[in-house]
Amino acid sequence: MSTPTLDDLIETAGVIVCCGSGGVGKTTTAATLALAAALRGRRAVVVTIDPARRLAEALGASGGLTNDPRRLDLPLAAEGGELWALMLDARATFDDLVRTYAPTPERAAGILANSFYRNVSSAMSGTQEYMAGEKLYSLVHDDRFDLVIVDTPPTRRALDFFEAPGRLTRFLDHRVARIMLAPARTSLRVVNLAAQPLLRTLGRVVGASALADAMAFLQAFEGMERGFRDRAHAVGELLGAAETRYVLVASPRHDTIDEARFFADELRRRHRRVAAVVVNRIHPLYGPGSAANARHRAGQARDLGDADLARLWDNLAELRHVAEAERAQLTALHEAVGDAAWAEVPLLDDDMTDLGGLMAIMTPLFASTSAGR
Amino acid sequence: MDVDPLALVTAARLMVVAGKGGVGKTTVSAVVARAAADAGRRVLAVELEEKPALAGLLRGDPRIETLTLTPSEALEHYLNTHGLARISRRLMNTGVIDVVSTASPGIDDLLVLAQLKSLARERSDLDLIVVDGPAAGHAITLLQSPAGLAEAVTSGPVASQAREVLDMLHDPRRCQVVMVTTPDTTPVTELIETAFALEDRVGVQLGPIVVNGVDTFGALPDPAELAGRQPSGAEGRALSDAATSRRTRQHRQAVALRRLADELPLPLLALPWLPTAGITSADLPHLVSQLHAVTLPS
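In order, the protein sequences belong to chains D and A. Residue numbering for the first sequence follows this note's numbering, starting at 744 and increasing by one per position. Residue numbering for the second sequence follows this note's numbering, starting at 313 and increasing by one per position.
Quick look at the structure:
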């Protein structure tokens, strides 16, 4: 079997999830893959998580991105190709879910106004990850798109994205939540509340009004529980499905590489594999020579009294040294990901400022596929 | 005027390091902790993530105490110190933290800050507590939590914790935030936005900005001016490509530093870029010796 390439991936995948630690260029990579797919005639949508304004501008969305897909102009004509982008708004996505599953509009309005719900939808840890999955699910079932690319929230615990869909259902199953729901069923709410030491303690920690809000939320939520559970299950299935392909994004530093290897191991544990690795901001090799050779030439130039030339060799030696050290670091990642497609994007002179900048990343991204191996 | 970088970063007893993911917060935390220890200060280095990256960088330095402080540990501590020790284990075992932190968002953040506050008060033997803060936007959320909760909860232990933490955050001798960035366009833009947000919404003292990864190689001759003295062929091209790329980087960094100096009235410190594939504990002594103040002509 030949080594897969990034071209294969963007031409055949239905869903691509970009993972990696913070600051490695994940969002940019997701956007570039979507652009490349669109230029190959696919109807691609990219879900970004909090992109820097410059990236939103680079995508040609200077008016900003919202929680709904927005179609962007392509820099080149592409038969049938479309590029769409949105910026995940976890709260708005959660609101949509509530409206979908609430038995009546009044019930939905009640939940949306509850302050505990507002906390769940905006501040509960894991909500953003869960809603990224939820958004992914709804876009996969949207006929306008045939490829969905999703950026994942920056996290040092790479697994949050997987764990998130189960988190809400676990929360609903939680003993404390059960106890909080119980009083409503017996109409002895006040009595039961006081009788439950666990609730009394909770009340002392979070305050009585917060506890009352939480109980009101859980009671309002009861009729929708089933719908939410089924949906969380479906999102979890989608993340584990064969059509969902994982792209690992890293920079060539030992800490982000460790993180990427950890993620590759965790995917394997879930019987999924890394489809591709993108290494951003790698120092180019600067010709066929070695750092040691450049250092030697610097010494020679200095001996001949040419200090300026020696400086140039010193510089080449230093940059080559970094390039060599980075490649040595990447060996361990190569081993961890098996036959995944592999692409390296060199350190560019500056962040991209327009679609042309993304095109500049695209060229090495696809040119280098599997060539670095 | 001579600026002592150590005096700037140790101006308050509690120092919270903040910045976008990947800019080197942990490196800066480790450098400050070591620099202070070198100067004879007693230092506690705290990290808020379960993966102990900071302790790893400080490995082998017996002078520096390290601590990992997670929200669930902070909650346990809170329960134990509020007369709930008897049931705290049971509460923790049932995973009650999820419910608690959802019922009152920010309470986990508040409890973390409250424990830092207690540490600062109880551990009078410490001169400096360095906190390797959470990534990016979460720093704002973390530091905003007491104000939010003080507004939402008006009485009870949470309210008094929130008020006490706010007092600490508003006292420049007790607490300051040191922001970290690389000298690149996007992180600098984000840092400037974060600085204003912290000042407006939290009112916390902002300490110096630490710019991590500043190129200190110095001026490079323009390869074009060396025509004839350079080798021909691939090595010659490599030589001039490397020089051009270095000069471009230096220029871009100068522009980024200028923007920081122009847009924020905060002192600038710098750590040099090291020609490695990521910082390790072996690089720390060198980095400590290189922490320096940046003064730009106005």
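No residue lacks a Cβ here, since even glycine has one placed at the ideal position from N, Cα and C.
Original post:
Between the Cα of V1017 of chain D and the Cα atoms of D:P1107, D:C761, D:D750 and D:G757, which residue gives the shortest distance?
Top reply: D:C761
Subject >> Nearest-angstrom Cα separation, counted from N524 of chain A out to Q1043 of chain D >> reply: 33 Å
Original post:
Just the Cα atoms here: how many angstroms apart are T382 of chain A and A554 of chain A?
Top reply: 45 Å
**OP:** Can you give me the start and stop residues for the beta strand (DSSP E) that M491 of chain A sits inside?
**Re:** C487 to T493
Original post:
Nearest chain A C-beta to P926 of chain D closer than 9 Å, yes or no?
Top reply: Annotation note: pLDDT 49 at P926 of chain D (below 50); position unreliable, coordinate value reported separately. No, P926 of chain D lies away from the interface with chain A (no Cβ there is under 9 Å from its Cβ).
**OP:** Within 10 angstroms of the Cβ of N1058 of chain D, are there 16 or more other Cβ atoms? Answer buried if so, exposed if not.
**Re:** buried
Subject >> Rounded separation between S1033 of chain D and W1056 of chain D - CA only >> reply: 11 Å
**OP:** Answer yes or no: does any C-beta atom of chain A fall closer than 9 Å to that of I1000 of chain D?
**Re:** yes
Original post:
Closest by CA to M327 of chain A, which one among A:D439, A:A550 and A:L422?
Top reply: A:D439
**OP:** Under 7 Å Cβ to Cβ from R558 of chain A, same chain only, skipping five residues before and after it: list those, please.
**Re:** F529 and L532
**OP:** Leaving aside the five residues before and after A1079 of chain D along the sequence, list all residues of the same chain whose C-beta is less than 6 Å from its C-beta, in chain order.
**Re:** R1004 and A1007
Subject >> Secondary structure of T987 of chain D, DSSP reduced to three states >> reply: strand
**OP:** Can you pull the chain A residues whose beta carbon is under 9 Å from the beta carbon of E1061 of chain D, in chain order?
**Re:** F529, A554, R558 and P587
Subject >> Spatially closest choice to T556 of chain A from D:R1040, D:V789 and D:L1091, by CA coordinates >> reply: D:L1091
Subject >> Proximal residues of chain A, C-beta to C-beta of E1030 of chain D below 7 Å >> reply: First, the amino acid is wrong: residue 1030 of chain D is Gly here, not Glu. Within chain A, the residues near G1030 of chain D are A546, E547, R549 and A550.
**OP:** Identify, in the order they occur along the chain, each residue of the same chain with its Cβ nearer than 6 Å to the Cβ of V934 of chain D, setting aside the five sequence neighbours on each side.
**Re:** For V934 of chain D, the pLDDT reaches just 41, beneath the cut-off of 50, and the residue's location in the model is therefore unreliable, leaving the point undetermined.
**OP:** Mark P848 of chain D as exposed unless 16 or more other C-beta atoms lie within 10 angstroms of its C-beta, in which case mark it buried.
**Re:** exposed
Original post:
Can you list the beta strand (DSSP E) stretches of 3 or more residues lying completely in the region 1011 to 1087 of chain D, in chain order?
Top reply: 1017 to 1025
Original post:
Residues bridged to D444 of chain A by DSSP?
Top reply: A:V329 and A:E359
Original post:
What residues in its chain sit with their C-beta under 7 Å from that of R371 of chain A, if we drop five residues either side in the sequence?
Top reply: S593
Original post:
For the region 338 to 353 of chain A against the region 500 to 509 of chain A, are there 3 or more C-beta pairs whose distance is under 8 Å?
Top reply: no
Original post:
Is D316 of chain A helix, strand or coil when you go by DSSP?
Top reply: coil
Original post:
chain D beta carbons: is any one of them nearer than 9 Å to that of L599 of chain A?
Top reply: no
**OP:** Check each candidate in A:R325, A:D595 and A:V522 and name the one with the smallest Cα separation from A605 of chain A.
**Re:** A:V522
**OP:** With 9 Å as the threshold, decide whether the Cβ of H1077 of chain D is near any Cβ in chain A.
**Re:** no
Original post:
Are the region 872 to 892 of chain D and the region 970 to 980 of chain D in contact at 8 Å, needing three or more beta carbon pairs?
Top reply: yes
Original post:
Under 9 Å Cβ-Cβ, which residues of chain A neighbour D1049 of chain D?
Top reply: L538 and R541
Original post:
Does S384 of chain A get closer than 9 Å to chain D when you measure Cβ to Cβ?
Top reply: no
Original post:
Can you tell me whether DSSP reads I591 of chain A as helix, strand or coil?
Top reply: coil
Original post:
How is D894 of chain D classed by DSSP in three states: helix, strand or coil?
Top reply: strand
Original post:
Pick from D:M967, D:S764 and D:G979: whose alpha carbon is nearest that of V841 of chain D?
Top reply: D:M967
**OP:** Please report the Cβ distance between L510 of chain A and V340 of chain A, rounded to the nearest whole angstrom; I am assuming they are in contact, meaning their Cβ atoms lie under 8 Å.
**Re:** That pair is no contact at about 17 Å.
Subject >> Closest by C-alpha distance to D751 of chain D, when choosing among D:M1102, D:G766, D:R947 and D:R785 >> reply: D:R785
Subject >> Reference G757 of chain D; option with closest CA among D:L831, D:D889 and D:T843 >> reply: D:D889
Subject >> Integer-rounded CB distance, given that L603 of chain A should sit under 8 Å from L581 of chain A >> reply: 6 Å
Original post:
From P285 of chain A to E476 of chain A, what distance separates their C-alpha atoms?
Top reply: In this structure chain A extends from 313 to 610, so residue 285 of chain A is not present and cannot be described.
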